[in-house]
Structure formats: C-alpha cells, structure tokens
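Numbering (the working numbering), first residue to last: 1 to 116.
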C-alpha cells in the first residue's frame, strides 16, 4: 500500500444488466479511470458470505443491504476525485448511459490510512 487514501464505490446492478456491467467495468470504466493522474490502482470485489472466529466462537457475519459489487481505488489524494481528469473519465464510454442508470444501493466512501 503506497497510498494514504482509498476510495470505494459499491453498488448493486439489475440482474438483467450484470453481464454488461462486468464487461463495461473491466474493458472501459477501469482503463479510463486508471489513466487519471493520481489514480494508482483499481481492484474490483464481490461480497462473499463471511464466517469467522470471534471470542472463541464461529460467527456468521451478515450486513443487511451490503452491495454485491465494490471497487477499491487507490488514490494519491482526495483531490483526485475533484480533478478534470476524473470528471471526464468517470462519464466516458458506455458507463454513464448503459450502466449507471441500472445501478442502485450505491455507496461511496473515502478512507485515509492511519497506520504505517
């Protein structure tokens, strides 16, 4: 982790658009945003069932309403998200017309690294 900031974009997508969502995210959205100055890396994740040991007992952790899809953006500073490059790239390609209108349960969070 070379950056002190991480931005996450989490969302659900209409089931009928899931294949197109994945295709456009991988082939267009990530490449466009990776080219923005100050964006270090982008990784995508899907929520998975979670069981773990806490206090000596196996627990199943359920967070109601957690979006299925999350992208983690490693960025140099919060200003990256306000830059002209970000503004142009975030709406470039088919994302803003074919995908964004079909997303819901969206969550955007900025994290600052607080330890070494």
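Ideal Cβ positions, reconstructed from N, Cα and C, are used throughout, including at glycine.
Keep in mind that this is a model prediction, so the values were computed, not measured.
Secondary structure of residue 100 (DSSP, three-state): helix. Take residue 43, set aside five residues on each side of it, and the residues of its chain with a beta-carbon closer than 6 angstroms to its own are 72, in chain order. Cβ neighbours of residue 24 within its own chain (closer than 8 angstroms, five residues either side excluded): 93, 94, 95, 98 and 99. Ranked by how close their Cα comes to the Cα of residue 113, the residues 89, 107, 88 and 78 have 78 in first place.
Taking residue 60 as the centre and dropping the five residues before and after it, the same chain places the C-beta of 49, 50 and 51 closer than 8 angstroms to its C-beta, in chain order.
According to DSSP, residue 51 shares a beta bridge with 60. Residue 41 sits in a strand when the DSSP states are folded into three classes. Burial state of residue 109 is exposed, judged by a 10 Å Cβ sphere holding fewer than 16 other Cβ atoms.
For residue 12, the uninterrupted beta strand (DSSP E) run begins and ends at 5 to 13, by DSSP. The continuous beta strand (DSSP E) containing residue 74 extends over residues 69 to 75. Within the same chain, and ignoring the five residues on either side of residue 30 in sequence, the residues whose Cβ sits closer than 6 angstroms to its Cβ are 42.
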